[in-house]
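Quick note on my numbering: the first sequence kicks off at 278 and runs consecutively.
Where is the CB? At the ideal position from N, CA and C, for every residue including glycine.
One structure below.
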Amino acid sequence: MTAPRVRFAPSPTGSLHVGGARTALYNWLFARRHGGAFILRIEDTDVERSRRELTDQILHAMRWLGLDWDEGPFFQSERGSLYREAADRLLAEDKAYRAFETPEELDAMKSAAKAIGSAFRYDGSARAIPREESDRRAASGEKFVLRLSIPNEPLVVNDAVQGRTEFPAGALDDFVLVRSDGRPLYHFTVCVDDVAMGITHVIRGVDHLPNAPKHVALFRALGAPAPVFAHLGMILGADGKKLSKRHGAAGVEEFQAQGVLPDALDNFLALLGWSPGDDKERMTLLEMVSLFSLERIGPSASRFDHEKLLWLNGQYLQEIPAARLVEMLKPFHLPNCDAVLLDRAIMLHRSRARTLVELAHALAIYGDDPRVFEPAGLKKFGGPEAAPLLRALAERLSVTEPFSHSTLEESGRALAAEKGRKLGDLAQPARLALTGVLASPPLFEMIEVLGKETTRRRLLAFADLIAREPEAH
RNA sequence: GCCGCGUUCGUCUAGCGGUUAGGACGCCGCCCUCUCAAGGCGGAGGUCACGGGUUCAAAUCCCGUACGCGGUACCA
Numbered sequence: 278m279t280a281p282r283v284r285f286a287p288s289p290t291g292s293l294h295v296g297g298a299r300t301a302l303y304n305w306l307f308a309r310r311h312g313g314a315f316i317l318r319i320e321d322t323d324v325e326r327s328r329r330e331l332t333d334q335i336l337h338a339m340r341w342l343g344l345d346w347d348e349g350p351f352f353q354s355e356r357g358s359l360y361r362e363a364a365d366r367l368l369a370e371d372k373a374y375r376a377f378e379t380p381e382e383l384d385a386m387k388s389a390a391k392a393i394g395s396a397f398r399y400d401g402s403a404r405a406i407p408r409e410e411s412d413r414r415a416a417s418g419e420k421f422v423l424r425l426s427i428p429n430e431p432l433v434v435n436d437a438v439q440g441r442t443e444f445p446a447g448a449l450d451d452f453v454l455v456r457s458d459g460r461p462l463y464h465f466t467v468c469v470d471d472v473a474m475g476i477t478h479v480i481r482g483v484d485h486l487p488n489a490p491k492h493v494a495l496f497r498a499l500g501a502p503a504p505v506f507a508h509l510g511m512i513l514g515a516d517g518k519k520l521s522k523r524h525g526a527a528g529v530e531e532f533q534a535q536g537v538l539p540d541a542l543d544n545f546l547a548l549l550g551w552s553p554g555d556d557k558e559r560m561t562l563l564e565m566v567s568l569f570s571l572e573r574i575g576p577s578a579s580r581f582d583h584e585k586l587l588w589l590n591g592q593y594l595q596e597i598p599a600a601r602l603v604e605m606l607k608p609f610h611l612p613n614c615d616a617v618l619l620d621r622a623i624m625l626h627r628s629r630a631r632t633l634v635e636l637a638h639a640l641a642i643y644g645d646d647p648r649v650f651e652p653a654g655l656k657k658f659g660g661p662e663a664a665p666l667l668r669a670l671a672e673r674l675s676v677t678e679p680f681s682h683s684t685l686e687e688s689g690r691a692l693a694a695e696k697g698r699k700l701g702d703l704a705q706p707a708r709l710a711l712t713g714v715l716a717s718p719p720l721f722e723m724i725e726v727l728g729k730e731t732t733r734r735r736l737l738a739f740a741d742l743i744a745r746e747p748e749a750h
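Shown next, in the form of structure tokens:
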């Protein structure tokens with residue numbers, strides 16, 4: 278394949294949603310796979326709804342996902358002259374024409390069509406207006422829109438994902454290219470830009486599939502070959518409805534805030550509609566690049582399975598280089614403690630968290646002593662009989678040298694044996710004393726990280742607590 | 001209404017005429033074990049939406065039906 282040129286063309290009317298992110302990802306993967314160009318174009322022709330901050334937000338989200346672009350961002354709002362030239366050319370070549378119907382007249386035609394139960398299609402009557410008359414009326418200031426003159430022949434959309442579909446002659450009406458106030462409309466700007474930018478492949482959501490025949494008609498009028506289309510199935514929420522804020526997170530930065538890693542989100546999104554063909558699931562962006570192809574994209578809609586995302590994220594949490602994990606954790610609330618200690622704690626806890634938020638939360642115990650204790654834990658291991666055991670453990674560990682998890686564990690086991698207890702009888706209350714909860718990394722490894730003083734303090738304090746007020750819990 | 005697209009375990013998917021319909025998430029069990037994860041092993045879960053064809057043979061090809069989704073703008 279000669280170097281393809283693809284584009285991602287969001288409109289800045291909202292933040293980057295996962296659907297858009299997946300579209301961007303597929304375009305990016307395709308460009309990288311074939312050594313092509315990935316172009317970013319901001320479709321902001323609807324000035325009422327477009328906002329500059331949202332553009333920045335979208336760019337930020339894309340960078341976070343690792344999707345860098347080769348050209349752009351181009352803003353359609355700044356390319357007015359290009360569209361005007363194209364409009365003039367189409368008009369001059371009789372491929373488009375002025376239509377002078379007012380919005381009110383059009384509305385009347387629409388309701389008339391509806392009354393007899395048929396779809397409204399502009400009848401093309403303005404095509405018959407002679408050029409001289411059209412020019413004269415335009416010059417006299419009469420309002421008009423520019424409509425595309427669609428030839429009376431079938432239109433074929435070749436789609437790499439959805440297959441070939443043919444639209445019979447007459448299926449489309451002569452749709453509007455330019456508003457009566459001179460501002461160009463979406464279909465027009467898209468095609469003019471795609472031609473100007475030399476776009477070879479258009480990868481976007483199926484919601485655009487009904488637009489595709491309009492676009493092939495436009496490409497034809499513009500005298501350019503139509504690009505190859507690839508329309509992606511929708512991403513739905515868990516309930517099968519269109520994904521929205523109602524389903525919890527739907528925007529990229531919401532996942533970021535939840536502590537989802539960009540690599541995990543990329544990986545997850547890649548699998549929503551595409552598969553490498555074998556059973557491979559966990560892939561880096563680089564691996565995806567080497568495996569990606571349009572042929573392996575499925576046509577159907579898919580649901581966003583948050584559980585699977587969390588699983589994948591947990592996998593990445595375990596595997597990414599420690600330095601990178603520590604770096605990614607920084608925006609989250611972390612305990613105030615020695616950095617080396619914290620790094621070791623992170624290594625201990627990383628396999629137990631599914632998000633950075635969960636990890637940061639678990640790390641809190643390396644800062645402050647636990648103030649609350651899991652009720653179920655108190656019930657099971659908070660009886661007063663545990664107090665002397667914990668005190669004994671505190672003493673024993675205090676004199677254990679070196680203060681490393683293996684020798685600490687030997688001490689702990691020896692103590693349990695001396696008391697005729699199982700290690701768990703000692704370890705469980707100790708875990709509760711040190712962390713406040715019943716689930717944690719291996720006890721003695723945590724103790725090694727927590728240090729002698731902290732360990733002793735917490736064990737004794739907890740022993741006092743349960744000895745003093747056994748019925749309080 | 002009209003036009004278009006889709007439909008394989010609950011979910012994401014493999015499958016592109018002949019398979020005991022494979023994998024992953026989730027779920028259940030076992031192992032590991034000081035707990036919880038991770039990891040390992042195993043299990044339950046699919047009349048391949050339905051009905052007709054074509055074929056020796058259909059999840060795979062064709063035609064209908066149902067359901068879902070999208071479009072039907074001087075929005076994108």
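Handout entry: First through last residue of the beta strand (DSSP E) which encompasses residue 470
Key = Here residue 470 belongs to no beta strand (DSSP E); instead the alpha helix (DSSP H) covers 463-473.
Problem - residue 515 versus 580, 681 and 557, residue with shortest Cα-Cα distance - result: Distances from the alpha-carbon of residue 515 to those of 580, 681 and 557 put 580 closest.
Problem - Nearest-angstrom Cβ-Cβ length linking residue 550 and residue 575, presumed shorter than 8 Å - result: The beta-carbon separation of residue 550 and residue 575, rounded to 6 Å, stays under the 8 Å limit for a contact.
Problem - Simplified DSSP state of residue 427, which is helix, strand or coil - result: Note: residue 427 maps to coil in three-state DSSP.
Practice task
Could you tell me which residues DSSP puts in a beta bridge with residue 435?
Solution key: DSSP lists 441 as partners of residue 435.
Exercise for the section: Just the C-alpha distance for residue 703 and residue 640, rounded to the nearest angstrom, thanks. Expected result: About 23 Å.
Practice task
Give me the Cα-Cα distance between residue 750 and residue 536, rounded to the nearest whole angstrom.
Solution key: Legend: pLDDT at residue 750 = 48, less than 50; position of this residue unreliable, value from coordinates given subsequently. About 34 Å.
Practice task
Would you kindly work out how many angstroms separate the C-alpha atoms of residue 672 and residue 609, rounded to a whole number?
Solution key: Their backbone Cα atoms lie some 36 Å apart in a straight line.
Problem - Nearest residue (CA-CA) to residue 562, options 310, 285, 281 and 296 - result: Closest by alpha carbon: 310.
Handout entry: Helix, strand or coil at residue 374 according to DSSP, with G and I counted as helix
Key = Secondary structure of residue 374 (DSSP, three-state): strand.
Practice task
Specify the secondary structure class of residue 281 as computed by DSSP and reduced to three states.
Solution key: Under the three-state reduction of DSSP output, residue 281 falls in the coil class, being neither helix nor strand.
Problem - Nearest candidate by alpha-carbon position, reference residue 360, set 503, 396, 637 and 467 - result: Among 503, 396, 637 and 467, the Cα nearest to that of residue 360 belongs to 467.
Practice task
With DSSP as the reference, label residue 750 as helix, strand or coil.
Solution key: Low local confidence applies: a pLDDT of 48 at residue 750 is under 50, so the model's placement there is unreliable, with the coordinate-based value given in what follows. Here residue 750 sits in coil by DSSP.
Practice task
Return the residue from the list 726, 512, 567 and 530 that minimises the CA-CA distance to residue 582.
Solution key: Considering only alpha carbons, the answer is 512.
Handout entry: Three-state secondary structure assigned by DSSP to residue 588
Key = In the structure shown, residue 588 sits in a helix (DSSP, three-state: H, G or I).
Problem - Spatially closest choice to residue 732 from 674, 694, 706 and 391, by CA coordinates - result: Relative to residue 732, the option among 674, 694, 706 and 391 whose CA is nearest is 674.
Exercise for the section: Check whether the Cβ atoms of residue 544 and residue 589 sit closer than 8 Å, and answer yes or no. Expected result: Yes.
Problem - Candidates 538, 363 and 554: closest to residue 605 by CA position - result: Check the Cα spacing between residue 605 and each of 538, 363 and 554: the tightest is with 538.
Exercise for the section: Name the two residues that bound the continuous alpha helix (DSSP H) containing residue 529. Expected result: Note, residue 529: alpha helix (DSSP H), 529-535.
Problem - Local conformation of residue 406 per DSSP, three classes - result: Here residue 406 sits in coil by DSSP.
Exercise for the section: Pull up the DSSP beta-bridge partners for residue 519, would you. Expected result: The partner list for residue 519 (beta bridge, DSSP) reads 513.
Practice task
Quick one: residues in its chain with C-beta nearer than 8 Å to the C-beta of residue 709, no 5 flanking neighbours on either side, listed in chain order?
Solution key: So the list reads 650, 651, 654, 655, 658, 659, 715 and 739, once near-sequence residues are dropped.
Handout entry: From 281, 741 and 290, residue whose alpha carbon lies closest to that of residue 312
Key = Nearest option by C-alpha distance: 281.
Problem - Residue closest to residue 625, alpha-carbon to alpha-carbon, out of 602, 646, 645 and 607 - result: Comparing C-alpha distances from residue 625 to each of 602, 646, 645 and 607 shows the shortest one belongs to 602.
Practice task
Could you say if the segment 431-443 and the segment 456-474 meet the contact criterion of at least three C-beta pairs nearer than 8 Å?
Solution key: Segment contact: the segment 431-443 against the segment 456-474, fewer than three CB-CB distances shorter than 8 Å; contact not assigned.
Practice task
Leaving aside the five residues before and after residue 492 along the sequence, list all residues of the same chain whose C-beta is less than 6 Å from its C-beta, in chain order.
Solution key: Leaving aside the five residues that flank residue 492 on each side, the residues in its chain whose CB is nearer than 6 Å to its CB run, in chain order, 468.
Exercise for the section: For residue 444, verify whether its CB is less than 7 Å away from any heavy atom of the ligand MG. Expected result: As far as ligands go, the structure on display features none, and thus does not contain the ligand MG.
Exercise for the section: Would you mind giving the Cβ-Cβ distance between residue 667 and residue 295, rounded to the nearest angstrom? I have them listed as a contact below 8 Å. Expected result: In this structure, residue 667 and residue 295 do not form a Cβ contact; the two beta carbons are roughly 48 Å apart against a cut-off of 8 Å.
Exercise for the section: Specify the secondary structure class of residue 501 as computed by DSSP and reduced to three states. Expected result: Note: residue 501 maps to coil in three-state DSSP.
Practice task
In the DSSP assignment, find the unbroken beta strand (DSSP E) run with residue 319 in it and report its ends.
Solution key: In the DSSP assignment, residue 319 falls within the unbroken beta strand (DSSP E) covering 314-319.
Practice task
Assess, as a yes-or-no matter, whether the segment 370-377 is touched by the segment 410-429 under the definition of 3 or more beta carbon pairs within less than 8 Å.
Solution key: Taking 8 Å as the limit for Cβ pairs, the verdict is that the segment 370-377 does touch the segment 410-429.
Problem - residue 452 - partner residues in DSSP beta bridges - result: None; residue 452 has no bridge partner.
Handout entry: CB-CB length for residue 352 against residue 371, believed under 8 Å
Key = For residue 352 against residue 371, the beta-carbon gap comes to about 31 Å, at or over 8 Å, which does not count as contact.
Exercise for the section: State the Cα-Cα distance for the pair residue 278 and residue 476, rounded to the nearest angstrom. Expected result: Spanning the two alpha carbons is a distance of roughly 14 Å.
Practice task
Tell me, to the nearest whole angstrom, how far the beta carbon of residue 727 is from that of residue 643; I am working on the premise that it is less than 8 Å.
Solution key: Residue 727 to residue 643, Cβ: 7 Å. Contact.
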